[in-house]
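Residue numbers (our numbering): 304 to 892. Backbone N, C-alpha and C define an ideal beta-carbon position, used for all residues, glycine too. Values in this document were obtained by computation on a predicted structure and should not be read as measured data. Data first, discussion second: the structure below is written as structure tokens.
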Ligand code: PEP
Ligand code: MG
């Protein structure tokens, strides 16, 4: 039998053999599906029903958005309704079905193509953007064609390998959170995309960046997904299956070792305690995180509540999620971060206008302070879930002191409201901030007086500080967490918190790298929050060193001139003394 090996990027380890399911992707093609003339009236009926369902859907979302976040976000759905109700669109679709005897899907594709050409000839950029709205409406109609059969229920992916062109954050959350997906293979994507992060958290072997895997597989094909080495094999013969079977056994043994480490105490060789915690995006990840030895949830990325659904969550829906987190993680702490949208994480419900520079735009707390009703609902729900006293609240992307003042007022109002309505909450719920904007780092001494704790978000902080977009292949080589500038900045932030007796955690990817975690330990950090699968190796590394030595070595390293010099110096000074700290690697590295 012919078989094919494809190379991609392994973003979540593990080896799996299974059957392919291709994610539905609505593609407007020029292929025509004809129907016999007597089917035409039925097809027109089918179109009519889909238009009706689409209208109801858009109206419902619009109403919800208007009451919860205001008119300015709802107007986009008015535009969608106008497109939907445009007689030239509906009459055009009907005419195509009648005159060309085609299925509604083909008529929609033809109309889509017509608009695509029309917009392509327009010079004005703003009007050009409106094509996205037409596509959006046509896609919704398409989805609603068979709504009676498959209404809102994602296909059953249990025990299957999901192959898709790409998974947007909302799709990843919706599809992977169902549970039971064996593995994922994508044409697009990189290691820091949210689909990748989520797959890692849920322990789903995943390979991305395969370019055209969707073109090369068919539903029902057998596939090996090797997320450890970034390989996908289509319809492997017996010999190849056997080879992968033995690799899988080796990998499973390594995983067992990880789970064993998870039960050990988090204490350094010289008796200093540290706390490994988990970054998660879904409550479903809690069990997995605890099994890897997480001593709490150090970061719950609450924006995923929004990304998983097509309507806005109500206060009760928020509450159920936070309550579940607090209950299942109890007595350990849960740090809930209020929504951080913007950049690649945009809210599907709100149709946020594209910004010229999203990384510097309306993100995180900036968005929440502009959409106070949305923020108020979230704060109320988190406070209500805080009765067990193990919830802490993190505010993302703080830039200046005034934001703290504004947040304080909103919290006070929410607390007064809840009290008057007879709700219970933790009156002393700790409220801390992410340090991920360089300006906040520079005034961290002042901020530490005003807040209960810091959580350092090095993913963003270093990106802004070093002026490097990590996903840009031309400049990503400049992203160096061991840059002496980065070490100095981190030391200053950690010291600012310590001088005020405040807790400080770090929840960027940096915390998941054993060498970098040792350096952070030397800088005074004790709480490390990361993707749960990395906890055992970090724990093993930190258990193998002494704080007093590491502190001295890191202090010396900060006077060196470059990241490379720092790295060489640290390895030279620590490798011989603590060889165990550097032992934990995967089976294939
Ligand atoms: C960070 O910026 O380091 C962080 C943890 O936040 P996120 O990755 O969600 O932006
Ligand atoms: Mg961040």
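From 787, 873, 305, 834, residue whose alpha carbon lies closest to that of residue 589: 834
heavy atom of the ligand MG below 6 Å from residue 772 C-beta: no
Whose C-beta lies closer than 7 Å to the C-beta of residue 686 among residues of the same chain, with five residues either side of it excluded? 717, 718, 721, 728, 732
In terms of DSSP beta bridges, what is residue 806 paired with? 756
Secondary structure at residue 673, three-state DSSP: helix, strand or coil? helix
If you run the structure through DSSP and keep just helix, strand and coil, what is residue 365? helix
So, is residue 598 buried or exposed, given that buried needs 16 or more other C-beta atoms within 10 angstroms? buried
Cβ-Cβ distance between residue 410 and residue 400 below 7 Å: yes
So, with DSSP's three-state summary, where would you put residue 633? coil
Quick check on this structure: which residue in 484, 485, 513, 479 has the alpha carbon closest to the alpha carbon of residue 491? 513
Output the distance between the C-alpha atoms of residue 889 and residue 384, rounded to the nearest integer angstrom. No answer about residue 889 holds up, because its pLDDT of 49 lies below 50 and its placement is not dependable.
Could you give the distance in angstroms between the alpha-carbon of residue 820 and the alpha-carbon of residue 462? 36 Å
Who's in the neighbourhood of the ligand MG, going by beta-carbon under 5 Å from any heavy atom, listed in chain order? 739, 760, 763
For residue 833, which of helix, strand or coil comes out of DSSP? strand
Proximity to residue 610 [Cα-Cα], best of 525, 594, 585, 580: 585
On the three-state DSSP scale, how would you describe residue 727? coil
In angstroms with no decimal places, state the Cα-to-Cα distance between residue 391 and residue 769. 52 Å
Count the other C-beta atoms from every protein chain shown that fall within 10 angstroms of the C-beta of residue 452, then say buried if there are 16 or more, exposed otherwise. With a pLDDT of only 46 at residue 452, under 50, the local geometry of the prediction cannot be trusted, and the value read off the model is given with reservation. When all chains shown are included, residue 452 counts as exposed.
At which residues does the alpha helix (DSSP H) containing residue 662 begin and terminate? Premise fails: residue 662 is in no alpha helix (DSSP H) and is neither H nor E.
Using only alpha-carbon positions, find the residue among 743, 550, 627 that is nearest to residue 529. 550
Could you name the residues that DSSP lists as bridge partners for residue 859? None; residue 859 has no bridge partner.
Are the Cβ atoms of residue 637 and residue 466 separated by less than 7 Å? no
Between residue 796 and residue 737, is the Cβ-Cβ spacing less than 7 Å? no
Could you give the first and the last residue of the continuous alpha helix (DSSP H) run that contains residue 842? 838-846
So what's residue 406 in DSSP terms, helix, strand or just coil? coil
Of the choices 523, 847, 871, whose alpha-carbon is the least far from that of residue 577? 847
How about residue 843 and residue 564: are their beta carbons less than 7 Å apart? yes
What do you reckon, is the C-beta of residue 493 under 6 Å from a heavy atom of the ligand PEP? no
Could you tell me the alpha carbon to alpha carbon distance between residue 670 and residue 606, rounded to whole angstroms? 12 Å
Simplified DSSP assignment, three categories, for residue 597: coil
At the level of alpha carbons, what is the spacing between residue 455 and residue 382? Since pLDDT at residue 455 reaches only 40, below the 50 mark, its modelled position is unreliable, and no value is offered.
Provide the residue span of the alpha helix (DSSP H) that contains residue 762, from first to last. 761-768
Best match in 405, 872, 365 for proximity to residue 786 [C-alpha to C-alpha]: 872
If you check the beta carbons only, do residue 317 and residue 510 fall under 7 Å apart? no
Where residue 581 sits in the DSSP three-state scheme: strand
Determine the contact status of residue 755 and residue 734, defining contact as a CB-CB distance below 7 Å. yes
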